[in-house]
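Taking this note's numbering as reference, the numbering of the sequence shown is continuous, increasing by one, and the terminal residue is 386. Encoded as structure tokens, the structure appears first; notes follow it.
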Amino acid sequence: MAGTVRTRLAGCAVALAGALLSALAAPAEAERLKDIASVGGVRANQLIGYGLVVGLDGTGDQTTQAPFTVQSIENMLQRFGVTIPPNTNPQLKNVAAVTVTADLPPFAKPGQTIDVTVATIGNAASLRGGALIMTPLRGADGQIYAMAQGNVLVSGFGIAGKDGSRISLNVPSSGRIPNGASVEREVPMHFAADPHLLLNLNTPDFTTAANAAAAINRTLGAGSAEALDAVSIRVVAPLDPNQRISYLASLEAIEVECGEAPARVIINSRTGTVVISSHVRVSAAAVAHGSLSVTITERQEVSQPGPLSQGTTTVTQKSSLDVQQADARMFVFQAGVTLDEIVRAVNQVGAAPGDLVAILEALKEAGSLRAELIVI
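This is how it looks when you write it as structure tokens:
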């Protein structure tokens with residue numbers, strides 16, 4: 011019994027050692043090809059339509075300001091044989107004109123369902139509780155590819171008082187209909203007509219494209235793949251559709267060592283967010299950063315004339331100015347400092363995000379920032 015236990019422990023140790031060796035042998039930054047690239051020509055298509063949402067609780071379009079809503083209702087009723095008397099102006103507060111959008115995924119077949127997004131185009135206050143009536147969804151070529159209908163789910167709400175006050179949460183004028191459209195037409199895909207497959211990287215990078223082509227050639231044989239540019243890799247593929255599907259499945263499982271991103275500093279001018287990539291370097295530079303605060307105070311004083319004089323009491327304005335300048339600490343960047351050293355130096359002087367943006371812009375103008383500065 012003891013020998014059996016020792017044998018099992020030895021087997022587990024060998025398996026664990028093999029797993030550790032495999033983990034060490036795998037590239038540290040390896041990613042599956044399916045996670046970093048897509049197949050050329052296999053993409054979603056955008057659909058759009060115009061429809062009506064009915065059943066609203068008085069939050070629909072004001073027909074005096076949105077006449078197209080009444081026109082749409084009249085046209086719909088005429089199709090059902092309902093004639094509206096002339097010279098009438100229906101006041102419909104429970105109807106809203108909306109745009110309906112959806113993404114038709116690749117290889118979608120007739121009968122499958124897709125999600126749709128509904129948004130008002132008039133002055134409707136909310137779509138909560140409404141239902142979208144049958145709306146055709148068209149593609150860029152004008153053809154109908156899906157039909158949408160269903161109850162609208164709205165995450166927000168709005169409450170208004172008679173005095174004009176209003177409280178709203180999120181956006182009640184738009185919503186979604188899960189599985190709200192049925193596919194009626196299939197988009198033709200030329201997936202099996204070309205003897206080659208084109209793989210397009212999600213992020214253009216020459217290093218990643220070269221590594222992907224090399225990894226495919228190591229797995230499938232020399233000459234199987236060729237990097238065309240920083241985005242596209244052309245791969246030889248079988249013409250038989252059944253073989254092509256399994257061939258593509260094996261391609262997606264190949265692990266590729268991705269190239270490292272270039273040195274960039276991303277600044278969001280609206281939120282003050284600063285993102286610095288790992289390869290940002292700074293050449294030798296000295297930085298001093300301080301702030302100047304100017305305060306102007308206005309106050310009124312009463313000027314009282316002396317006794318038995320002919321003067322009158324008046325009110326005069328008096329201004330006082332106060333200028334304060336914070337201590338400007340200087341710090342020195344040595345040549346080739348790393349991201350960690352940059353962040354530590356900026357934190358030591360207590361720089362806020364706005365101050366950090368000013369420092370980085372000044373370093374870029376001085377030619378000391380070895381990175382691309384991008385402001386979004």
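Backbone N, C-alpha and C define an ideal beta-carbon position, used for all residues, glycine too. If you're wondering where the values come from, they're calculated on a predicted model, not measured in any experiment.
Self-check item: Test item: CB-CB of Gly132 and Leu66 under 8 Å
Solution: Cβ atoms of Gly132 and Leu66: not closer than 8 Å.
Practice problem: Please report how far the alpha carbon of Val108 lies from the alpha carbon of Gly185, in whole angstroms. | Solution: Put simply, the backbone Cα of Val108 is about 10 Å away from that of Gly185.
Quiz item: Do the segment 48-63 and the segment 275-286 make contact, defined as three or more Cβ pairs closer than 8 Å?
Solution: No, because fewer than three Cβ pairs between the segment 48-63 and the segment 275-286 fall closer than 8 Å, the two stretches do not touch.
Exercise. Flag this pair as yes or no: are the beta carbons of Leu147 and Val110 separated by less than 8 Å?
Key: Yes, the pair counts as a contact, with Cβ atoms nearer than the cut-off.
Self-check item: Reference Ala40, options Asp215, Ala106, Asn221, Tyr155, closest by Cα
Solution: Residue Asn221 is the option with its Cα nearest to Ala40.
Exercise. Just mark Leu249 as buried or exposed, buried being the case when its beta carbon has 16 or more other beta carbons within 10 Å.
Key: An exposed status is given to Leu249, since fewer than 16 other beta-carbon atoms sit within 10 Å of its beta-carbon.
Quiz item: Leaving out five residues before and five after Leu370 in sequence, what residues of the same chain have Cβ atoms less than 6 Å from its Cβ?
Solution: Here Leu370 has Val275 as same chain residues with Cβ atoms under 6 Å from its own Cβ, once five neighbours each way along the sequence are excluded.
Self-check item: Residues sharing a beta bridge with Ser184, DSSP
Solution: Residue pairing for Ser184: DSSP places it in a beta bridge opposite Ala129.
Self-check item: Per-residue DSSP class, three states only, for Ala12
Solution: Legend: pLDDT at Ala12 = 39, less than 50; position of this residue unreliable, value from coordinates given subsequently. Helix at Ala12.
Quiz item: Given a threshold of 16 other Cβ atoms within 10 Å of its Cβ, counted over all protein chains shown, does Ile226 qualify as buried or as exposed?
Solution: Counting Cβ neighbours within 10 Å, Ile226 comes out buried, since at least 16 surround it.
Practice problem: Report yes if the CB atom of Leu211 is closer than 8 Å to the CB atom of Val245, and no otherwise. | Solution: Annotated as distal: Leu211 and Val245, with beta-carbon spacing of 8 Å or more.
Practice problem: Please list, in chain order, all residues of the same chain as Glu382 whose beta carbon is under 6 Å from its beta carbon, the five residues on each side excluded. | Solution: Arg274, listed in sequence order.
Quiz item: Can you tell me where the beta strand (DSSP E) with Val161 in it begins and where it stops?
Solution: In the sequence as presented, Val is not what sits at residue 161; that position holds Asn. First-last of the beta strand (DSSP E) with Asn161: 154-161.
Self-check item: Closest residue to Thr98 among Pro115, Val80, Gly91 (Cα-Cα distance)
Solution: It is Val80 whose Cα lies nearest to the Cα of Thr98.
Quiz prompt | Pro95 versus Asp125 - alpha carbon distance | solution = If I take the Cα positions, the gap works out to 38 Å.
Practice problem: Over the uninterrupted beta strand (DSSP E) stretch that includes Pro146, give me the two end residues. | Solution: Start and end: 141-148.
Quiz prompt | Leu238 versus Ala247 - alpha carbon distance | solution = Cα to Cα, the separation comes out at about 16 Å.
Quiz item: When DSSP labels each residue in this structure, what does Leu87 get in the three-state scheme?
Solution: Residue state, collapsed to three classes: helix.
Quiz item: Do Ser165 and Thr69 have their CB atoms nearer than 8 Å?
Solution: Going by beta carbons, Ser165 and Thr69 fall outside the 8 Å limit.
Quiz prompt | Bridge partners - Asn55, DSSP secondary structure assignment | solution = Secondary-structure assignment with DSSP links Asn55 through a beta bridge to Leu114.
Quiz item: Whose C-alpha, out of Ala232, Asp151, Ser183, Ala191, is nearest the C-alpha of Val197?
Solution: Taking Val197 as reference, the option from Ala232, Asp151, Ser183, Ala191 with the minimal CA-CA separation is Asp151.
Self-check item: Cut-off 6 Å between Cβ atoms - residues of its own chain near Ser242, not counting five sequence neighbours on either side
Solution: The answer, listed in chain order, is Leu208, Asn210.
Quiz item: In its own chain, which residues sit with a C-beta less than 8 Å from the C-beta of Gly149, not counting the 5 before and 5 after it?
Solution: Cβ neighbours of Gly149 beyond the five flanking positions: Asn55, Gln56, Leu57, Leu114, Tyr155, Val197.
Practice problem: Compute the Euclidean distance between the alpha carbons of Pro120 and Leu87, then round it to the nearest angstrom. | Solution: Distance from the CA of Pro120 to the CA of Leu87, rounded to the nearest whole angstrom, comes to 29 Å.
Quiz item: Helix, strand or coil for Ala247 per DSSP?
Solution: DSSP places Ala247 in coil when its eight states are reduced to three.
Exercise. To the nearest angstrom, report how far apart Gly269 and Ala240 are at their CA atoms.
Key: Spanning the two alpha carbons is a distance of roughly 11 Å.
Quiz item: Secondary structure at Leu370, three-state DSSP: helix, strand or coil?
Solution: Leu370: helix per DSSP, three-state reduction.
Quiz prompt | Under the three-state DSSP convention, the category Arg228 falls into | solution = Under the three-state reduction of DSSP output, Arg228 falls in the helix class.
Exercise. Return the CA-CA distance between Arg291 and Gly377, expressed in angstroms with no decimal places.
Key: Straight-line Cα distance between these residues: approximately 11 Å.
Practice problem: Classify Arg291 as helix, strand or coil using the three-state DSSP reduction. | Solution: Of the three classes helix, strand and coil, the one that applies to Arg291 here is strand, per DSSP.
Exercise. Indicate the three-state DSSP secondary structure (helix, strand or coil) for Asn189 in the structure shown.
Key: Here Asn189 sits in strand by DSSP.
Quiz item: Does the distance from the C-beta atom of Met144 to that of Gln159 stay below 8 Å?
Solution: The answer is yes: Cβ separation under 8 Å.
Exercise. Please state if the CB of Val63 and the CB of Leu142 are separated by a distance shorter than 8 Å.
Key: In this structure, Leu142 lies near Val63, with their beta-carbon atoms less than 8 Å apart.
Exercise. State the beta-bridge partners of Thr109 as determined by DSSP.
Key: Paired residues: Tyr60, Ala129.
Exercise. Indicate whether at least one CB of chain D lies closer than 8 Å to the CB of Val49.
Key: Absent here is chain D; the protein component of the structure consists of one chain.
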